[in-house]
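For what it's worth, the working numbering labels the leading residue of the sequence shown as 3, then goes sequentially. C-beta atoms are modelled at their ideal positions from N, C-alpha and C, and glycine is treated no differently. Worksheet for the structure shown next.
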Amino acid sequence: MIAPSILTKKPNENGIPLISQPENYLISHEIWRQRYRIETNEIRNYLDTPDSLWGTGNRVSYAQIESNMIDIAQSLYLVQVTDLNLSMVDGRRRAAFSYAGINYDLPVTDPNFEKQLAEPDNQGVLCVSLGEKYDPAGGNNYSCYKIVATIL
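What follows is the structure in structure tokens.
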């Protein structure tokens with residue numbers, strides 16, 4: 003993953019890690035200053051190469067994280083994928099792809115998704131994020147869902 007300190011100067015940063023998002027920081031309202039710009043041809047120098055994106059499927063059981071059955075070393079990965087297919091399914095943004103021989107089909111939050119869908123000009127590089135614990139039924143059966151945050 004690209005170390006945030008390479009890209010920006012973060013004023014008054016304080017680490018506030020969660021067990022599912024260990025690299026979280028609380029930041030002040032001061033202005034961030036960009037210190038370096040990564041060119042398109044440099045992106046591959048910063049790729050992560052995990053064995054998988056926190057296992058198979060579209061989520062990780064929060065109970066397994068809490069019980070240390072699954073160790074979350076980082077909640078963001080910048081990865082090169084294959085067979086990337088972007089689509090809208092029932093009005094929802096989706097990215098289907100393969101990484102390390104595992105097929106994924108994940109929601110997308112990239113604000114440039116519609117442009118990517120209309121004019122596919124990406125390198126097959128994704129920033130995949132592990133979200134905060136969530137139970138869509140509103141109970142206590144929490145999972146951390148995998149999300150495609152950025153398409154490069």
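Pairing Leu88 with Pro122 gives a Cβ-Cβ distance under 8 angstroms.
Residue burial annotation: Leu49 is exposed, with fewer than 16 other C-beta atoms found within 10 angstroms of its C-beta.
Restricted to the region 59 to 111, the alpha helix (DSSP H) segments that are unbroken, complete and at least 4 residues in length are 64 to 68, listed in chain order. The continuous stretches of beta strand (DSSP E) do not include Glu44, and DSSP gives it neither H nor E.
Separation of Glu68 and Ile21 (C-alpha to C-alpha, rounded to the nearest whole angstrom) is 7 angstroms. Here DSSP, grouped into helix, strand and coil, assigns Gln36 to strand. If you check the CB distance, Ser77 and Ser131 come in under 8 angstroms.
Counting C-beta atoms within 10 angstroms of its own C-beta, Leu128 has 16 or more neighbours from the protein chains shown and is therefore classed as buried.
Per the coordinates, the alpha-carbon of Lys117 lies some 31 angstroms from the alpha-carbon of His31. Burial check for Leu28: the Cβ neighbour count within 10 Å stays below 16, so the residue is exposed.
Residues of the same chain with their beta carbon placed closer than 6 angstroms to that of Gly103 are lacking, with the five preceding and five following residues left out of the count. Beta-bridge pairing by DSSP links Asn124 to no other residue.
Around the beta carbon of Trp56, 16 or more other beta carbons sit within 10 angstroms, so the residue counts as buried. CA-CA distance, Thr58 to Tyr101, rounds to 10 angstroms. Asn70 and Tyr147 have their alpha carbons spaced roughly 17 angstroms apart.
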